[in-house]
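Step one of this worksheet: look at the structure below.
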Amino acid sequence: IVTDPTAIWLIDLRDRQACLEARIPTAVCLPEGDTEARLIADLPATRTLVLYGNGDLGRLPDSVASFEGDVQTLSGGFEAFRAQLLEAPARPTDATREAVARYQHLAALHGRLTGSAAAAPPVTVKAVKVQRTVKKGGGC
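Read left to right, the sequence shown gives residues 225 to 364 (this note's numbering).
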């Protein structure tokens, strides 16, 4: 979705009103009255088809069987995506390198997908005493 949005067909299988109110960027809402997702049968198999609903999809629409390309579902659906990436990430309480790197990664994804930029956490650096040797003799 982030690096190459043209590599996938992202289809929102929720009801049309829910899709229009909030959806994953680049996702396609089903046309009005297309409860069987017939739109999928008309898509060329040049991209991976990614489907999502409110949560995990129990059953895929019958039209998916006619799609000749790769088909995947988004685990957890829209709500999991929203919780992971559309809500601003919490700043780490422990400033380990891994925690800060994860936060910066999630903040960058959040900013990219929502158009907002989350501020990076303040970096604290411990002072280290440097031992220097004194040079003796010599000129300029």
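Glycine included, every Cβ here is placed at the ideal spot set by N, Cα and C.
As the structure is a computational prediction, the values presented were derived from the model and not from experiment.
A289 and A246 have their alpha carbons spaced roughly 27 Å apart. DSSP places I248 in the coil class of the three-state scheme, outside both helix and strand. In this structure, the CA atom of K359 is about 19 Å from the CA atom of K353. Residue pairing by DSSP puts L275 in a beta bridge opposite I235, T297. At least 8 Å separates the beta-carbon of E303 from that of A269.
Residue nearest to T230 within the set P255, D294, L310, R271 is R271 (criterion: CA-CA distance). Its chain contains P313 as the residues whose beta carbon lies nearer than 6 Å to that of L330, once the 5 sequence neighbours on both sides are disregarded; these appear in chain order.
Listed in chain order, the non-local C-beta contacts of I232 below 6 Å within the same chain comprise R271, T272, V274, local neighbours out to five positions each way being set aside. Within the same chain, L275, G277 come within 6 Å of L237 by CB-CB distance, once the 5 residues on both sides are set aside.
A351 and L310 have their alpha carbons spaced roughly 37 Å apart.
When rounded, the separation of the alpha-carbon atoms in L281 and Q296 is 11 Å.
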